[in-house]
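Using the numbering used here, the first residue of the sequence shown is number 1, and each one after it goes up by one. The beta-carbon is built from N, C-alpha and C at its ideal position, and this holds for glycine as well. Following: one structure in structure tokens, then a few remarks.
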Amino acid sequence: MMRDAHRVGVGEHGKATNLRRFPLDLQSELYKIHRLNAKLSDIISVNRSVPDFRPKACKLKVYLRQLPMVSIIVTFFNEHKSVLLRSLHSLVNRSPPELVKEIILVDDFSDLNFLQKPLENYVAQHFKNVRILRLRQRSGPIRARMAGALNATAEVLVFTRSHVEVGYNWLPPLLEPIALNDTTVMGPTIDQIDGKMFGFRKGVEGVRSGFNWNFHHVTAPRLPEDLVYPLQPFKTPILLGETLVISSKFFWQLGGYDKGLNQYGGEEYDLSFKIWMCGGELYEAPCSRVAHINRTLPDMRSDTFHRNKILKNYKRVAEIWMGGYKKYLYKRNGMYKSIMLGNLEKQKALRSKLNCNSFKWYLQNVAFDFMRIYAPFEPPDYALGVIQNLGNPDFCVNSPLESNTTSISVGLEYCADNSTGPPPSQFWALTWHRDLRINDRIFCLETRSSKSDATLWLYKCHNRGRNQYWYFDYKQKLLKQGQQNPRCLAMLPKTNELVVSKCDNTNNYMHWNFGFVNKTALMNFNNTWTF
Numbered sequence: 001m002m003r004d005a006h007r008v009g010v011g012e013h014g015k016a017t018n019l020r021r022f023p024l025d026l027q028s029e030l031y032k033i034h035r036l037n038a039k040l041s042d043i044i045s046v047n048r049s050v051p052d053f054r055p056k057a058c059k060l061k062v063y064l065r066q067l068p069m070v071s072i073i074v075t076f077f078n079e080h081k082s083v084l085l086r087s088l089h090s091l092v093n094r095s096p097p098e099l100v101k102e103i104i105l106v107d108d109f110s111d112l113n114f115l116q117k118p119l120e121n122y123v124a125q126h127f128k129n130v131r132i133l134r135l136r137q138r139s140g141p142i143r144a145r146m147a148g149a150l151n152a153t154a155e156v157l158v159f160t161r162s163h164v165e166v167g168y169n170w171l172p173p174l175l176e177p178i179a180l181n182d183t184t185v186m187g188p189t190i191d192q193i194d195g196k197m198f199g200f201r202k203g204v205e206g207v208r209s210g211f212n213w214n215f216h217h218v219t220a221p222r223l224p225e226d227l228v229y230p231l232q233p234f235k236t237p238i239l240l241g242e243t244l245v246i247s248s249k250f251f252w253q254l255g256g257y258d259k260g261l262n263q264y265g266g267e268e269y270d271l272s273f274k275i276w277m278c279g280g281e282l283y284e285a286p287c288s289r290v291a292h293i294n295r296t297l298p299d300m301r302s303d304t305f306h307r308n309k310i311l312k313n314y315k316r317v318a319e320i321w322m323g324g325y326k327k328y329l330y331k332r333n334g335m336y337k338s339i340m341l342g343n344l345e346k347q348k349a350l351r352s353k354l355n356c357n358s359f360k361w362y363l364q365n366v367a368f369d370f371m372r373i374y375a376p377f378e379p380p381d382y383a384l385g386v387i388q389n390l391g392n393p394d395f396c397v398n399s400p401l402e403s404n405t406t407s408i409s410v411g412l413e414y415c416a417d418n419s420t421g422p423p424p425s426q427f428w429a430l431t432w433h434r435d436l437r438i439n440d441r442i443f444c445l446e447t448r449s450s451k452s453d454a455t456l457w458l459y460k461c462h463n464r465g466r467n468q469y470w471y472f473d474y475k476q477k478l479l480k481q482g483q484q485n486p487r488c489l490a491m492l493p494k495t496n497e498l499v500v501s502k503c504d505n506t507n508n509y510m511h512w513n514f515g516f517v518n519k520t521a522l523m524n525f526n527n528t529w530t531f
């Protein structure tokens, strides 16, 4: 840390780089292959310093003197050279050497020139305990992880990806709980690295990871008992797959990863269900940070081939682990019906051999609050379809949401012809969560300012009301935001902007209507749903 503190240069300390100095060519071959700013990555040092996002008290924590050694397994396929090397140097530079028995680079049959002999030469010249395992055919990331695990010799396995940068002292907080109980499985708090400017962004803290019934990753607050000692690892229903730490003995007792999963997508659910239901526990460590590059990936929703492969993974997980609850997953996507899986007897036999608990047990004992927030069967919406302005009926609330967008302003566009079944950019629902969700119901309409004429944004739904709380007064046609001192949605006629302002029933531009309004449900708006 002392040495890093004095480093200067492009990207040092995880600072984002100005794109005017290093412009990103979206049409370049490098970008099309790697979906990140490869030229900028080549300029940034592979030994660059990183920000320390740990809570301050983490720096004072003392861990067990005797901790188990690890095999760090890094899988890659055609990773850009400087990204891979930066990951490798990061792991070596910021891991206590006495804890790392080996780092295994698993090459999933890459064909880029640097990843062949030049990589072998680089590793031989710079590292002592790093070795490369070459797969003889393209196997996919899950089978590649399994190949690495089969070749590992340490007591604990660390699975991570080839585009990460680890934080200071990241390993001891993950190892101590496993040293105390080898059926504990650990993950760090995940931070983000922007793939365009290579700047670090602090990850979401204080939340537990889970899933909804579309198998989207969602979160819920930490439990009250976890907040008594906020720096201690806390239980989480799901651990995402970027970095995972597990006892080798327990990993093989569980049968490892399911090699029937052909690509990333679903493996985090499969392994998380297996761990919880078959005798283990999952924890996230607030004092361990690992940053992961966010690539600008193509929209999988328009890529039928990749979408079907992910759905196949999801269906495989559902058939093995979810029992009767799988029907709630299938109801949300008719494509599951046409997906053929093949033989699942080996996985089902393993579950039986391990005497695993049921999925109902998992929902009741591990993800109990997710059942309330993300119910398997949702009450009817209060209103849905277009949100049409009655001051100027040509205009409706519209969002240009893109698949990789996490936050975007919301405005007005000409209304779609079909008011109850409009295109995704105008398909809104006032849900039983008392929020306004668009199309796929992951993103919600929110305000971020208490000022007059505050703009509106889409952000991931947090299910906590507050700045995402909405109520439709269908008699006065007012769409109100907030529970205390509510403001009203309004169109500014001179600029056609969408804002929230002090409610004024005489202002026609504050009057709205939905494509469909469920008046019966709205009359019971304040009633609490139970499941």
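Count the other CB atoms within 10 Å of the CB of residue i; is the residue buried (16 or more) or exposed (fewer)?
{"i": "K348", "result": "exposed"}
{"i": "S449", "result": "exposed"}
{"i": "Q483", "result": "exposed"}
{"i": "M322", "result": "buried"}
{"i": "N467", "result": "buried"}
{"i": "T520", "result": "exposed"}
{"i": "Y229", "result": "exposed"}
{"i": "I33", "result": "exposed"}
{"i": "V8", "result": "exposed"}
{"i": "W512", "result": "buried"}
{"i": "Q125", "result": "exposed"}
{"i": "A544", "result": "Outside the shown range of the chain (1 to 531) lies residue 544, about which nothing can therefore be said."}
{"i": "S302", "result": "Caution is warranted here: a pLDDT of 43 is assigned to S302, below 50, making its placement in the model unreliable, and the coordinate value is therefore given only provisionally. Label assigned to S302: exposed."}
{"i": "S403", "result": "The predicted model places S403 with a pLDDT of 44, which falls under 50 and marks its position as unreliable; any figure quoted below should be read in that light. Exposed, by the Cβ-count rule."}
{"i": "L479", "result": "buried"}
{"i": "H163", "result": "buried"}
{"i": "R372", "result": "exposed"}
{"i": "V204", "result": "exposed"}
{"i": "D299", "result": "The predicted model places D299 with a pLDDT of 45, which falls under 50 and marks its position as unreliable; any figure quoted below should be read in that light. Under this definition D299 is an exposed residue."}
Give every residue of the same chain whose Cβ lies closer than 7 Å to the Cβ of residue i, excluding the five residues on either side of it in the sequence, and list them in chain order.
{"i": "C278", "result": "L254, L354 and C356"}
{"i": "N212", "result": "V218 and Y374"}
{"i": "L271", "result": "Y257"}
{"i": "D369", "result": "A220"}
{"i": "S452", "result": "S501 and K502"}
Rounded C-beta distance between residue i and residue j? I'm assuming under 8 Å.
{"i": "L458", "j": "F443", "result": "4 Å"}
{"i": "P233", "j": "N392", "result": "The Cβ separation is near 54 Å, so there is no contact."}
{"i": "L390", "j": "N508", "result": "6 Å"}
{"i": "A16", "j": "D194", "result": "6 Å"}
{"i": "L311", "j": "Y336", "result": "6 Å"}
{"i": "D381", "j": "A318", "result": "Contact flag wrong, Cβ pair sits at about 25 Å."}
Under DSSP, the alpha helix (DSSP H) around residue i begins and ends at which residues?
{"i": "E98", "result": "Unbroken run through E98: none, as it is neither H nor E."}
{"i": "N151", "result": "P141 to N151"}
{"i": "D194", "result": "Here D194 belongs to no alpha helix (DSSP H); instead the beta strand (DSSP E) covers T184 to D194."}
{"i": "W512", "result": "Premise fails: W512 lies in the beta strand (DSSP E), W512 to V517, not in any alpha helix (DSSP H)."}
{"i": "E345", "result": "E345 to K353"}
{"i": "I33", "result": "E29 to H34"}
{"i": "L174", "result": "P172 to L180"}
{"i": "A154", "result": "Taken as a continuous stretch (DSSP letters only), A154 belongs to no alpha helix (DSSP H), as it is neither H nor E."}
By the DSSP assignment, the beta strand (DSSP E) with residue i in it spans what residues?
{"i": "E165", "result": "V164 to V166"}
{"i": "E284", "result": "E281 to N294"}
{"i": "R487", "result": "R487 to L492"}
{"i": "R131", "result": "V130 to R134"}
{"i": "F443", "result": "F443 to T447"}
{"i": "D473", "result": "W470 to D473"}
{"i": "S71", "result": "V70 to F76"}
{"i": "K480", "result": "L478 to Q481"}
{"i": "V499", "result": "E497 to S501"}
Tell me which same chain residues have a C-beta within less than 6 Å of the C-beta of residue i, skipping the five on either side of it?
{"i": "K274", "result": "L254"}
{"i": "I539", "result": "Outside the shown range of the chain (1 to 531) lies residue 539, about which nothing can therefore be said."}
{"i": "K59", "result": "none"}
{"i": "E12", "result": "R48 and S49"}
{"i": "A532", "result": "Since the first residue of the chain shown is 1 and the last is 531, residue 532 is not available in this structure."}
Which same chain residues end up closer than 8 Å to residue i when comparing Cβ atoms and leaving out the 5 residues on each side of it in sequence?
{"i": "I142", "result": "Y257, D258, K259, L261, N262, Q263, Y264 and E267"}
{"i": "S358", "result": "M277 and G323"}
{"i": "A154", "result": "P68, M69, V70, S71, K101, E102 and S248"}
{"i": "T296", "result": "R35, L36, G195, K196 and N404"}
Less than 7 Å between the CB of residue i and some heavy atom of the ligand HEM, yes or no?
{"i": "F77", "result": "Because no ligand of any kind appears in the structure shown, any question about the ligand HEM cannot be addressed here."}
The stretch 100-114 touching the stretch 123-135, judged by at least three CB pairs closer than 8 Å: Judged by Cβ distances under 8 Å, the stretch 100-114 makes contact with the stretch 123-135, as three or more pairs qualify.
Segment contact, 8 Å Cβ cut-off, at least three pairs: the stretch 168-175 with the stretch 55-73: A contact between stretches requires three or more CB pairs, one per stretch, nearer than 8 Å, and the stretch 168-175 meets this requirement with the stretch 55-73.
Cβ contact (3+ pairs, closer than 8 Å) linking the stretch 75-89 and the stretch 37-53: Touching, yes, given that three or more Cβ pairs across the two stretches are closer than 8 Å.
Meets three-Cβ-pair contact criterion under 8 Å: the stretch 19-33 and the stretch 200-212: Touching, no, given that fewer than three Cβ pairs across the two stretches are closer than 8 Å.
Inter-stretch contact at 8 Å, needing at least 3 Cβ pairs: the stretch 68-78 / the stretch 147-166: Touching, yes.
Cβ contact (3+ pairs, closer than 8 Å) linking the stretch 364-371 and the stretch 487-505: No, because fewer than three Cβ pairs between the stretch 364-371 and the stretch 487-505 fall closer than 8 Å, the two stretches do not touch.
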